[in-house]
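Going down the list, the protein sequences come from chains L and P. If you use the numbering used here, the first sequence closes out at 387, no skipped numbers anywhere. If you use the numbering used here, the second sequence closes out at 503, no skipped numbers anywhere. Just below is one structure, and these are the notes that go with it.
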Amino acid sequence: MNEFQKQFEELQNFLKFEDYSILTKRIIDLTLDTEDVSHYKKTNDFLNWLDRNEENNFEKKEKFASVLNELHQTLSQKPIAERKVLVSASKLEKSYGISRFGLGPINLELRQGEILGLVGENGNGKTTLLRLLCGDLFATNGTIKYNFDYQDLYDLRTQLVYIPQRTDTWYGSMFENLQFTASCYGYLPEENEVIVELIIARLGLRKFRNHSWKSLSSGYKMRFELARMLLRKPKILLIDEPLANLDILAQQTVLEDFKSIAKSAFRPIGIVLSSQQLYEVEKTSDQVIFLKQGKQKNLHEKENATDDSITDKQLVIEFESAFNQKQLGDLFDPFGMISLQFNGGTYIVTFPDTVSVTNFMEIIIQKNIPVTYFRNISNSTRRFFVS
Amino acid sequence: MFKNFQKQLLLKHPLVWNLKIIPLTTLAIALHIVFLILGYFNGQLNFTETGNEYTGNGADVTIIFFAVLISILSIILWCVYYFKNNGLKSFYPKNNFSLFKEWLLIFIGFFFLSTFLVSYYYGKEVRVRDYYTLEEAQKRCKTLSQGSFFVDGSYSNNYDDGAEAAEAVGVDTATTVASNTKDYFTYRGRNYSYNSLMNKNLNSYSFFDYEKDSIHKEEVKTWLYNNDKKAIQNLFKNYLAIANEHKLKSSVDANKWLNLIYDYPTFTNFKTIGSEEKDYYYNNNDGSVIDTTECYIAFENNEQYKYYKFYLPEKALQFNYSKIADAHNKPDIDSETLAIVLYIALGLSLLLFSFRVTSGKSWLIAIVSLGVLNILIGILSAIASSEYVYLTVVLSLIVGCFIYLLVKNNQNKGKGFTAVTNTILLWTLPSFGPIVYYFVLEISKAVSDYNEYAYAGRAIEFPKIEWLKDAGFILLFVNIIFVILVLLFLSKKLKQWRGIAES
């Protein structure tokens, strides 16, 4: 079963359980994958029909099924894209001069369809690494290799879309701005309007199409940036703190959007994003790089693990308890506790790999330890924050 | 329709849409038409005007003010819309020539938005030209010029300028003798007093060069010499017909005019015909006596005026027909005006283009840097006491900025100061050609012992230098083509430069 078939099966489940909200988004993604204006138009007509027939559940299901089938027919003929390496960086360093901040060495490799999360405290080099990868900064040492064709550096940067934390103001209507981008990126006049409509719908911006930039909340501004990014068809999307101004629900939606955009079976892209939202990023990312004082620590390191990566199998649990450190230490010690740290209201306890999460829960119950919250951070960069 | 057109541009030509070419062109065309019409209506001649009382047209001043104001406002308005999107800074795909295309469109935009005054003056000139066809205007100016021979005016000096003209019309020059020592001059074997009408000058119009004027004068003198009263009377009739057509007052008719001036064969005893009814009278206290048979002095509002008993509207006719002749023959809106306007548009377009390509910050730093550099070069020039120092530094600056751009593009180790140097390069680029021209000319003169003040034989002795000097004005236009060609190449390099890392 190829990637598309897996995705299609997932969509059929959405249909089966009438999860129309996510299904609509994924239908738009598939429509964009067809790169065929006739499908763009059909899906747009369907979206307009949906607007008018919100309550017509029976016909709605039929229509969804019909659109899905048509898309399936077209896309089944289309070759699945290979997951090629997009960019690889080797011993990448950026120095801002003696006794000032320095980033690196960084080693990374990003493939099509992958999301790379950059995490770390403020001022540890996340933005610097993003700017290095998008060509906005040059590396003091090391190399960055882009594995796709480009004529010159300008041409390269047209294919690397970098969305900074503070974006520039858009002037005029949002819709016109997106049409301008589509036009600059070579969309044909007959597909321009319809593709902009689709992308606006994809990001839930139909109501805001004629709004001005100033009247939008920062969350919607980010969504418009993403809409523009989609029109730009980047090879790599580099995005700095996309979750910073979003509520928790919007964060999950945006991350889910990233995932489906990156993992398109036909037009996969690479995404590098930085964030402080550790657990959310870890859930979405294929790789996570933790940066501390410019140094790289990898999570999910598959091969060639370095000293900095998490290679041991220790069990690390973060939890909150009314007990003090001595009480907890006494209770955990008999189970081979390696360390117990108190960290800003939470405890971090480390056990050897012989202890599992289930064992930990058994200890809690057995010893009647009052716990209000706990999380297994053995495979989370959270370990680096607290260590 | 207008909106639909804009939409089509947005879909098919985003750069043109972003430059707001359609609203800009529509606005510019409408304003040019308005100023052309204003010019046409304001170009009407007042044939009673003599130039004495002419102190400038009040409407002209107002219209110039508004033309400049509207130019500035429309440029600001255009920039506000144009600045909304910058595809280059957002790294939108661009081909190698799209930056050049953008600059060219800005250049054309500035050309149209900064030339409302030109349309106004062109409208005025068209109105003045419309009075008479070229042939008719020339015919009338010839009549007026020859008629002015018999109206109060200057006399030739002792030098006889008729010989050359006589030769031109086929008169035997051997019979025309110039004399600097006698109190008479000889014309075709006859002696005439310097006070004789035969020694009178005529008023010229821009249609006629020195040779043409001499021919016209010779024609009149031949009529007098041959006692051809009929021809002269005919001239007067034609002259007065023109004056009457414009309802201008004269105190004589053709016959009276002839009687007052005609004194064959010496032409010494004649009455002065005033060029207007009254004129300011200035008592020079030089002992000159007013001939009361010809004029009288009157006081009006504490001013002294000389009233002529016999007068013609020569001053008014000359003042207005000179304008007609100039409008046909040497219009204000000519290649020189075009060169000025083109260079203004070029300068403005490069100012705006540099801002678009680099940034406002680099733009300001470039201004300050150039200011400081100018002071330093000024001091250096003063110390060296050489005019070449300044130009050499400017030339080196242009070449240096250009090389720095190429080097940085190849290195890809950050932009360095290129944002500022690129701005300076764009600003100073139009001066490259003229400075090189100046140096080539000066070096050519220096190596060939060229004497600036020895006019005779220079064209034969130094043909290349003379050619260079004559070609100076044409080279101004060639320089614009040179700038366009350089920008064609430079815009490609600037696009590449945009792609290199900031730091």
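Ideal placement from N, C-alpha and C gives every residue a C-beta, glycine not left out. Nothing here was measured: the structure is a model prediction, and the numbers come from that model.
Spatial neighbours of residue 402/P within its chain, please: CB distance less than 7 Å, with the 5 preceding and 5 following residues excluded, ordered by chain position. What you label residue 402/P is simply residue 402 of the second sequence in a count that begins at 1. Within the same chain, residue 402/P has close Cβ partners 425.
What does a CB cutoff of less than 6 Å around residue 171/P pick up in its chain, not counting 5 residues either side in sequence? The sequence position of residue 171/P within the second sequence is 171, counting from 1. Low local confidence applies: a pLDDT of 48 at residue 171/P is under 50, so the model's placement there is unreliable, and no value is given.
Quick check on the DSSP output: what are the complete alpha helix (DSSP H) runs of length 4 or more inside the stretch 59 to 136 of chain L, in order along the chain? Counting whole runs of 4 or more residues, the stretch 59 to 136 of chain L contains the alpha helix (DSSP H) stretches 126 to 133.
Is it true that the stretch 58 to 66 of chain P meets the stretch 85 to 93 of chain P, where meeting means three or more beta-carbon pairs spaced less than 8 Å apart? The stretch 58 to 66 of chain P and the stretch 85 to 93 of chain P do not touch, with fewer than 3 CB-CB distances between them shorter than 8 Å.
Measuring CB to CB, does residue 141/P end up less than 8 Å from residue 321/P? Within the second sequence, numbered from 1, the residue matching residue 141/P stands at position 141. Within the second sequence, numbered from 1, the residue matching residue 321/P stands at position 321. Yes; because the gap between Cβ atoms is below 8 Å, this pair is in contact.
What does a CB cutoff of less than 8 Å around residue 168/P pick up in its chain, not counting 5 residues either side in sequence? Numbered from 1 along the second sequence, position 168 holds the residue referred to as residue 168/P. In this prediction, residue 168/P has a pLDDT of 48, which is less than 50 and means its spatial position is unreliable; what the coordinates show is noted afterwards. Answer for residue 168/P: 211, 214, 215, 218, listed in chain order.
Assuming contact is defined by CB atoms lying nearer than 8 Å, are residue 37/L and residue 194/L in contact in what I supplied? Within the first sequence, numbered from 1, the residue matching residue 37/L stands at position 37. Within the first sequence, numbered from 1, the residue matching residue 194/L stands at position 194. Result yes, Cβ atoms of residue 37/L and residue 194/L sit closer than 8 Å.
Using only CA atoms, which one of 49/P, 13/P, 126/P lies nearest to residue 35/P? Reading the second sequence from its first residue, position 35 is the one you call residue 35/P. Comparing Cα positions, the closest option is 126/P.
Can you grab the Cα-Cα spacing for the pair residue 178/P / residue 156/P, in whole Å? For the purposes of this step, residue 178/P is taken as residue 178 along the second sequence, with counting starting at 1. For the purposes of this step, residue 156/P is taken as residue 156 along the second sequence, with counting starting at 1. Bear in mind that a pLDDT of 48 at residue 178/P, under 50, signals an unreliable position, so the model cannot answer this.
Alpha carbon to alpha carbon, what distance is there between residue 268/L and residue 261/L? On the first sequence, position 261 is the one that residue 261/L refers to. On the first sequence, position 268 is the one that residue 268/L refers to. Cα-Cα distance, rounded: 7 Å.
When Cβ atoms are compared, which residues of the stretch 163 to 182 of chain L fall closer than 9 Å to chain P? Along the stretch 163 to 182 of chain L, the positions whose C-beta sits under 9 Å from a C-beta of chain P are 168, 170, 171, 172, 176, 177, 179, 180, 181, 182, read in chain order.
Going straight from the alpha carbon of residue 30/L to that of residue 71/L, what length do you get? Numbered from 1 along the first sequence, position 30 holds the residue referred to as residue 30/L. Numbered from 1 along the first sequence, position 71 holds the residue referred to as residue 71/L. Roughly 7 Å separates the two Cα atoms.
Starting from the beta carbon of residue 503/P, find every residue of chain L whose beta carbon is closer than 7 Å, and list them in chain order. Counted from its first residue, the second sequence places residue 503/P at position 503. 137, listed in chain order.
Could you tell me if residue 162/L is buried or exposed, where buried requires 16 or more neighbouring beta carbons within 10 angstroms of its beta carbon? The count along the first sequence starts at 1 and reaches residue 162/L at position 162. With 16 or more other Cβ atoms inside 10 Å of its own Cβ, residue 162/L counts as buried.
Pick from 350/L, 34/L, 293/L, 14/L that is closest to residue 61/L, judged by C-alpha positions: Locating residue 61/L in the first sequence gives position 61, where the first residue counts as 1. Considering only alpha carbons, the answer is 14/L.
Taking Cβ positions only, does residue 303/L come closer than 8 Å to chain P? One-based indexing of the first sequence puts residue 303/L at position 303. Bear in mind that the predicted position of residue 303/L carries a pLDDT of just 45, short of 50, making it unreliable; the figure below should be weighed with that in mind. The Cβ of residue 303/L sits no closer than 8 Å to any Cβ of chain P.
Kindly list the residues whose CB is nearer than 8 Å to the CB of residue 415/P, restricted to its own chain and excluding five residues on each side of it in sequence; keep chain order. Taking the second sequence and counting its residues from 1, one reaches residue 415/P at position 415. Answer for residue 415/P: 408, 497, 500, 501, 502, 503, listed in chain order.
Taking only beta-carbon positions, decide if residue 156/L is within less than 8 Å of chain P. Position 156 of the first sequence holds residue 156/L. Yes, its Cβ sits closer than 8 Å to a Cβ of chain P.
With a cut-off of 8 Å, does the C-beta of residue 189/L fall near any C-beta of chain P? The residue given as residue 189/L occupies position 189 in the first sequence. Output row for residue 189/L: interface = yes.
Is any beta-carbon of chain L found at less than 8 Å from that of residue 360/P? Locating residue 360/P in the second sequence gives position 360, where the first residue counts as 1. For residue 360/P, the answer is no, since every Cβ of chain L falls outside 8 Å of its Cβ.
Chain-ordered residues of the stretch 52 to 82 of chain P with a beta carbon less than 7 Å from chain L: Correct list: empty, as no residue qualifies.
Would you mind stating whether residue 260/P and residue 270/P have Cβ atoms separated by less than 8 Å? For this step, residue 260/P is matched to residue 260 along the second sequence. For this step, residue 270/P is matched to residue 270 along the second sequence. The answer is yes: Cβ separation under 8 Å.
Pairing CB atoms from the stretch 37 to 51 of chain L with CB atoms from the stretch 67 to 87 of chain L, are three or more of them under 8 Å? For the pair of segments examined, the stretch 37 to 51 of chain L was found to touch the stretch 67 to 87 of chain L: the number of CB pairs separated by less than 8 Å reaches three.
With 8 Å as the C-beta to C-beta threshold (strictly closer), list the residues of the stretch 461 to 495 of chain P near chain B in chain order. In the displayed structure, chain B is absent; the protein chains listed are L and P.
Ordered list of alpha helix (DSSP H) runs contained in the stretch 227 to 264 of chain P, each at least 4 residues: Fully contained in the stretch 227 to 264 of chain P are the following alpha helix (DSSP H) runs of length 4 or more, in chain order: 229 to 245, 254 to 261.
Using a Cβ-Cβ distance under 8 Å, would residue 85/P count as near chain L? By one-based count along the second sequence, residue 85/P stands at place 85. Yes, residue 85/P counts as interfacial toward chain L.
With 16 other Cβ atoms within 10 Å as the buried cut-off, status of residue 128/L: Here residue 128/L refers to the residue found at position 128 of the first sequence. It is buried - the Cβ of residue 128/L has at least 16 other Cβ atoms within 10 Å.
Quick one: list the residues of chain P neighbouring residue 192/L, beta-carbon separation under 7 Å, in chain order. The residue you call residue 192/L lines up with position 192 of the first sequence. 11, listed in chain order.
Give the straight-line distance between the Cα atoms of residue 329/L and residue 337/L, rounded to the nearest whole angstrom. Position 329 of the first sequence, counted from the start, is the residue given in the question as residue 329/L. Position 337 of the first sequence, counted from the start, is the residue given in the question as residue 337/L. Taking the straight line joining both Cα atoms gives about 8 Å.
With 16 as the cutoff for other CB atoms within 10 Å, does residue 133/P come out buried or exposed? Taking the second sequence and counting its residues from 1, one reaches residue 133/P at position 133. Result: exposed.
For residue 151/P versus residue 275/P, is the C-beta distance shorter than 8 Å? In the second sequence, the residue the question calls residue 151/P occupies position 151. In the second sequence, the residue the question calls residue 275/P occupies position 275. In terms of Cβ geometry, residue 151/P and residue 275/P form a close pair [threshold 8 Å].
Please classify residue 149/L: does DSSP put it in a helix, a strand, or coil? As a first step, residue 149/L is located in the first sequence; it is residue number 149 there, counting from the start. Reduced to three states, the DSSP call for residue 149/L is coil.
How would you list, in chain order, the residues of chain P whose beta-carbon sits under 8 Å from the beta-carbon of residue 149/L? As a first step, residue 149/L must be located in the first sequence, where it is residue number 149. Neighbours of residue 149/L on chain P: none; closest Cβ ~13 Å, over 8 Å.
Candidates 111/L, 132/L, 86/L: closest to residue 102/L by CA position: For this step, residue 102/L is matched to residue 102 along the first sequence. Of the candidates 111/L, 132/L, 86/L, the one whose C-alpha sits nearest the C-alpha of residue 102/L is 132/L.
C-beta atoms of residue 94/P and residue 495/P nearer than 8 Å: Indexing the second sequence from 1 puts residue 94/P at position 94. Indexing the second sequence from 1 puts residue 495/P at position 495. Taking 8 Å as the Cβ cut-off, residue 94/P and residue 495/P qualify as a contacting pair.
Residue 394/P and residue 431/P closer than 8 Å at C-beta: Mapped onto the second sequence, residue 394/P falls at position 394. Mapped onto the second sequence, residue 431/P falls at position 431. The beta carbons of residue 394/P and residue 431/P sit closer together than 8 Å.
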